[in-house]
Structures are given as C-alpha cells and as structure tokens.
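Counting with our numbering, you get residues 1 to 137 for the letters of the sequence shown.
Yeah, the Cβ is synthetic: ideal placement off N, Cα and C, and Gly gets one too.
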Amino acid sequence: MYSHKEQLPAAVSQNEFYINGKRLDITRIPIWQEATITHTFQKYNELQQTGFKDPLDAVVKKRTGSFPPFVYSYAAEKIINGSDEVKRYPVWLKNYISHQITRNPIQQLKVKEMHYQYSNGKFIQTDTGKTLLILKN
Numbered sequence: 001m002y003s004h005k006e007q008l009p010a011a012v013s014q015n016e017f018y019i020n021g022k023r024l025d026i027t028r029i030p031i032w033q034e035a036t037i038t039h040t041f042q043k044y045n046e047l048q049q050t051g052f053k054d055p056l057d058a059v060v061k062k063r064t065g066s067f068p069p070f071v072y073s074y075a076a077e078k079i080i081n082g083s084d085e086v087k088r089y090p091v092w093l094k095n096y097i098s099h100q101i102t103r104n105p106i107q108q109l110k111v112k113e114m115h116y117q118y119s120n121g122k123f124i125q126t127d128t129g130k131t132l133l134i135l136k137n
C-alpha cells in the first residue's frame, strides 16, 4: 500500500532539555509527557520570538469583528495567550519536569536547539546548539 520507501531527512533540528547539566532522555518518559514539554516549549518559543503577541489575536479580531466589542474582549481572554501568562511559562515548565518527570528538585533547566545531520546510517551532531532558555534557582 506504500507508494515509495520512506526517506530519512538529511538534517534535523530538535529542542533538548538539560536538567542540572544532564540531558533529559525523552525516549525514557511516556509520550504524553514528552509531548507536553516539547509542544508547550515550542509554542512558548514562538511567542517569545514575536514579543509575546499571539498570532491567534488576528483570527479572534476577524471572527468577532461584526459583533459588539465586548465579544472580542471575552473571546480573546479565553483563547489568546496573554504575555504575562507566557512569561510565567519557564517556571511552570521547571516545576512540571521536577514534579512529573524527574521527581527531584531542579537547580538549573536549560533548553537548547540542537542540529543533526544524517550520515552513514546515523545522526551526527553538527554544532553545540543554540541556548533558548536557562532557568536557575
């Protein structure tokens, strides 16, 4: 039923989490916990790069444009990630990992974007990565 053999990408980038200087092996945690930390961090990082302005704001404005202004305010409050909430995310992430994954106190949480190239049947790290977040106690 397949149309062609699956091809591995030539290069990949991924966010890696370092707890107290040690890389978190996400292959050893349940997939729902992996998804929680990777997907929420990705959204946080996107919002941080846009100055904490949620792109959904334009959608909410467009869809509530023909209604009285209070409808936009109500919908925006329920849907859009507020900048204050987003800025609290790193502490939430550290606490989530500490309580749900490592079950140990975290002195330092670091997230790095790492780059790999596929060569000779394996992925080879191509650089030291870019630090996206550091949170210390």
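Leaving aside the five residues that flank Arg-23 on each side, the residues in its chain whose CB is nearer than 8 angstroms to its CB run, in chain order, Glu-16, Phe-17.
Around the CB of Leu-8, fewer than 16 other CB atoms lie within 10 Å, so the residue is classed as exposed.
If you check the CB distance, Ile-101 and Gln-33 come in under 7 angstroms.
Straight-line measurement puts the Cα of Glu-77 at about 46 angstroms from the Cα of His-4. A direct Cα-Cα distance of roughly 14 angstroms separates Ile-124 from Glu-113. By DSSP's assignment, Ile-124 forms a beta bridge with Gln-117. Residue pairing for Glu-16: DSSP places it in a beta bridge opposite Lys-112. Within the DSSP bridge table, the entry for Ala-11 names Gln-117 as partners. Collapsing the DSSP output to three states places Lys-22 in a strand.
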